[in-house]
Structure formats: C-alpha cells, structure tokens
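Asker: Using my numbering, the letters of the sequence shown correspond one by one to residues 13 to 392.
C-beta: ideal position from N, C-alpha, C; glycine also.
Quick caveat, the model's predicted, so the values are computed rather than measured.
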Amino acid sequence: GDIKKNFVNDGADYYIQESGSYANLSSYVRVKSVRKTPNYFDNNGAAKDNFTGSLPAVASGSFGGAVGRNITTADSGRISNFYSNIGDGAAWDTQGLTGSNYDNAIALLGNVDEYKYNVISAPGLINAVHTTQTTALVNNSLNRGDNVAVVDLVKYGSSVTSVTQAAASFDNSYAATYWPWVQMIDPQTGELVFVPASTVIPGVYVFTDASSEPWFAPAGLTRGALGQVVRAERRLTANNRDTLYEANVNPLATFPQSGVVVFGQKTLQKRASALDRVNVRRLLIALKGFISGVADNLVFEQNTIATRNNFLSVVNPYLEGVQQRQGLYAFKVVMDDTNNTPTVIDRNELVGQIFLQPTKTAEFVILDFNVLPTGATFPA
C-alpha cells in the first residue's frame with residue numbers, strides 16, 4: 013500500500029491526515045513474482061552508479077518524512093550524548109531528535125477527543141535545555157485538564173539549588189517533577205546508565221492505580237518503592253528533602269533496606285490548597301473523566317426531571333463508591349430546579365453542580381514519646 017500519515021497545521025489546529033490510494037497490508041494487493049535482485053552494491057556497500065536511479069527515495073517508506081538520526085552508530089557522534097549527557101543543539105540531539113522535533117507531537121496532543129491519557133512524560137526533554145518544549149507540555153496538560161505531566165527540570169549532575177530555582181518558574185497543578193536522576197540497567201546492553209526521574213515515575217502511577225486507586229498518593233514505601241532502580245544520582249539528606257519539598261520538587265530518597273523511594277507527591281502549584289497534591293489532582297481527573305462520560309449521554313436529550321434523575325442515579329452511586337474506597341470525605345451533587353431555572357432551560361442548557369471534599373494524605377506523622385516513672389499511671 014501507499015498510505016502515509018502527514019502532519020497538518022491549519023492555523024491553530026493540528027491534526028494527522030492520511031494520503032494515498034491503496035491500504036497498507038491490503039488483502040487486494042499481492043506480489044505476483046519477485047525478480048532476482050541485482051548486485052547493485054559495490055564492495056564498500058555503496059550503490060553502483062548504474063543502479064542509484066532505481067533505489068527508493070530517502071524517507072519514502074512507512075516512516076516517510078522522519079528526521080531522526082541513528083544515535084547508536086559510532087560515526088553519528090551522538091551515542092556519547094545519550095542518557096546522562098542529554099542536551100540539545102547540533103551536537104546534542106535528544107534520542108536522535110532535537111527539542112523542536114517534539115513541538116508537532118505536543119501540538120497534536122491538544123486534541124482531547126483524539127488522544128486519551130491521564131499521565132504524560134517525555135524523558136528526553138529537560139527544562140534547562142528544552143524550556144520551550146517543557147513549558148508547552150505542561151501548558152498542554154493544563155489546557156486539556158485530564159492528565160498530569162511529569163517533567164524533568166535539570167540535567168544530570170545539577171544541584172539542589174538549581175532544581176529548586178527551576179521549579180519556581182512553574183505554577184501548575186497539572187504538572188509534577190521529581191529529582192534526582194536514577195541509575196538503571198540498560199536492557200539492551202546491560203550497562204549501568206543514569207536516566208531522568210520521569211523515566212520511572214509513570215510506572216509508579218500505574219502501580220498505584222493497579223494496587224490501590226488513582227487518589228492514593230503515588231509515594232512512600234508502600235507504593236513509591238523503585239525496585240528497578242539501582243541507585244539515585246545522590247543520597248539526599250533530610251534537609252535536602254525538606255528543601256526540595258518546600259519548592260514543590262518531589263525527592264527520590266534512599267533508605268537502608270528499602271532502596272530508592274518516591275518521597276513526595278506535590279504538584280507544581282505554588283498556592284497551598286488541596287490541588288497542590290498529586291493524589292487530589294488525579295482524583296479530580298478520574299472523577300471528571302467518569303462524570304463527563306455520563307454527561308455526554310445527556311446531550312440532545314429532553315431537559316426534564318427524568319433526564320436529571322437519570323444523571324443522578326449514575327453519578328451518586330459512583331461517588332459513594334469513591335467515598336467508600338477512601339477517595340472522598342463527603343460529596344454533594346445538585347441537578348434540580350435550583351440550578352436549572354426556566355431561563356437556563358430556555359438557553360438549552362442543563363446545569364449540574366458537584367461539591368467534593370477530597371481525602372488528604374498523612375505526609376507528616378508526629379509521635380510524642382513520654383517516659384514515666386515507675387508506678388505512674390498512664391493518662392486516659
């Protein structure tokens with residue numbers, strides 16, 4: 013087949029458009045015969061002059077238009093700039109791509125109806141050298157309102173001060189950052205390599221969803237242990253962890269017997285509120301996703317009491333289930349005559365209000381020990 017996908021920019025809109033007339037892997041296209049391939053390479057592996065005109069054009073195959081470079085070849089000069097040496101520029105490509113090559117992909121993800129996800133990360137992007145792309149990724153999550161962007165702020169070998177200063181440039185409850193970098197085993201080569209924290213954090217979110225619920229904190233010894241990590245870039249002290257957490261940077265702590273553990277769950281929102289915690293933001297994302305799906309079924313239905321009751325009969329039991337599974341302290345759903353007045357109905361609108369009290373996590377456990385003399389009685 014000859015079907016190929018093309019990136020299209022139509023003003024403020026970005027989308028993928030297919031071109032071609034014959035479906036790839038079509039059942040109606042077959043190979044009648046295969047002629048013997050001529051020996052068109054010379055001893056050095058280069059095509060002989062009399063055959064160069066018959067070779068396919070560069071980038072004309074399934075990945076037509078791709079601009080990535082082969083980062084594993086010695087002559088590319090880029091294998092030494094991978095992993096802990098990620099950068100940007102002519103000699104500092106990220107995974108064979110420069111930072112600007114991510115722009116189109118991020119723009120495409122702005123289409124909420126086309127792409128569905130609840131967490132996104134781009135381990136090749138470092139805010140210190142890919143500021144434009146990292147900011148675009150964070151803003152995309154804010155505009156979509158249905159996912160958390162896990163971003164990396166500084167390069168390998170940076171200091172606590174540099175990462176806290178970088179975090180100060182963000183104010184967004186749909187983004188979170190973790191530090192320091194971690195060492196893992198390259199599955200292809202067996203080599204010990206350092207990778208940014210965003211490489212492993214989405215896995216922590218997935219484990220939390222599978223073992224608990226999205227509204228449980230993806231942190232701590234129960235859900236935040238990084239078993240696949242060999243070690244962190246540096247062992248953080250208690251003061252380091254406190255400094256990072258005050259700056260909304262989630263520390264990756266190292267504890268004896270436990271290894272490397274995610275020891276924070278703040279978003280990059282500066283103002284103190286329930287939304288400055290990852291578990292609350294992910295709770296609202298989960299609730300919004302479910303309730304929006306229910307509301308979609310009401311579009312173009314009759315604006316009557318029966319329709320409102322149908323909505324309440326689905327949403328209230330769902331929220332009760334979330335409450336029973338420790339996601340909410342309390343909730344209230346209002347969809348009646350108080351917010352659906354005749355004026356609202358005449359505008360062809362159906363209004364619902366949802367009030368939530370999200371469950372908070374115990375991030376600081378305070379225990380008072382009192383030593384009593386012999387014979388003393390314990391206080392009631």
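1. So, using beta-carbon positions, are G236 and Y257 closer together than 8 angstroms?
2. Would you tell me roughly how many angstroms separate the C-alpha atoms of G77 and N36, rounded to the nearest one?
3. Give the straight-line distance between the Cα atoms of L295 and S33, rounded to the nearest whole angstrom.
4. According to DSSP, is F182 helix, strand or coil?
5. Please specify which runs of the alpha helix (DSSP H), each continuous and at least 4 residues long, are wholly inside the segment 311-376, giving them in chain order.
6. Determine the burial state of Q336: buried for a count of at least 16 other Cβ atoms within 10 Å of its Cβ, exposed for fewer.
7. In the DSSP assignment, find the unbroken beta strand (DSSP E) run with G271 in it and report its ends.
8. Would you identify the three-state DSSP class for V172, choosing helix, strand or coil?
9. Just verifying my parser: in three-state terms, what is the DSSP assignment at V141?
10. I297 and D125 - do their beta-carbons sit closer together than 8 angstroms?
11. Indicate the three-state DSSP secondary structure (helix, strand or coil) for G76 in the structure shown.
12. Compare the Cα-Cα distances from L368 to each of I357, N328, D358 and P391 and report the closest residue.
13. Run through DSSP, which three-state label would F302 get?
14. Is the segment 168-185 in contact with the segment 237-244, if contact means three or more CB pairs nearer than 8 angstroms?
15. When the distance is taken between beta carbons, is N262 closer than 8 angstroms to Y190?
16. Can you list, in chain order, the residues of its chain whose CB lies under 6 angstroms from that of Y129, leaving out five sequence neighbours each side?
17. I'd like the list of long-range same chain contacts for I118, defined as Cβ closer than 7 angstroms, with 5 residues on each side in sequence excluded.
18. With distances taken from CA atoms, which of A180, P192 and S185 is nearest N155?
19. Consider the C-beta atom of D158 and the heavy atoms of the ligand ATP; say whether any pair is separated by less than 7 angstroms.
20. If distances are taken between C-alpha atoms only, which option among D54, P208 and F219 comes closest to L264?
21. Report yes if the CB atom of L340 is closer than 8 angstroms to the CB atom of N352, and no otherwise.
22. Contact check, V458 vs V306 under 8 angstroms by CB: the rounded distance?
23. Considering only their Cβ atoms, is the gap separating N260 from T279 smaller than 8 angstroms?
24. Check N152 in the structure and name its three-state DSSP category.
25. What distance in whole Å lies between the Cβ atoms of S210 and P135, which are believed to be in contact at a cut-off of 8 angstroms?
Answerer: So, from the data block:
1. It is not a contact, given that the beta carbons lie outside the stated cut-off.
2. Annotation note: pLDDT 48 at G77 (below 50); position unreliable, coordinate value reported separately. Cα to Cα, G77 sits roughly 17 angstroms from N36.
3. One C-alpha to the other measures close to 45 angstroms.
4. The three-state secondary structure of F182, taken from DSSP, is coil.
5. Runs found: 317-336 and 354-358.
6. When all chains shown are included, Q336 counts as exposed.
7. From DSSP, the beta strand (DSSP E) with G271 extends over G271 to V274.
8. When DSSP states are grouped into helix, strand and coil, V172 belongs to the helix group.
9. Coil.
10. No, the pair does not count as a contact, with Cβ atoms beyond the cut-off.
11. Because G76 carries a pLDDT of 47, less than 50, the predicted location of this residue cannot be relied on, and no value is offered for it.
12. Of I357, N328, D358 and P391, the residue nearest in Cα terms is N328.
13. DSSP places F302 in helix when its eight states are reduced to three.
14. Here the segment 168-185 does not lie against the segment 237-244, with fewer than 3 beta-carbon pairs under 8 angstroms apart.
15. Yes.
16. Excluding sequence neighbours, Y129 sits near N159.
17. Closer than 7 angstroms at the Cβ level, and outside the excluded window around I118, lie Q145, A148, L149 and N152.
18. Measuring from the Cα of N155, the nearest candidate turns out to be S185.
19. With respect to small molecules bound, the structure shown includes none, and the ligand ATP cannot be examined in it.
20. Comparing C-alpha distances from L264 to each of D54, P208 and F219 shows the shortest one belongs to P208.
21. No, the Cβ-Cβ distance between L340 and N352 is not below 8 angstroms.
22. The chain is shown only over 13 to 392; residue 458 falls outside these bounds and no answer can be derived.
23. For T279 and N260, yes; Cβs fall inside 8 angstroms.
24. In the structure shown, N152 sits in a helix (DSSP, three-state: H, G or I).
25. Under the criterion of beta carbons closer than 8 angstroms, P135 and S210 qualify as touching, at roughly 5 angstroms.
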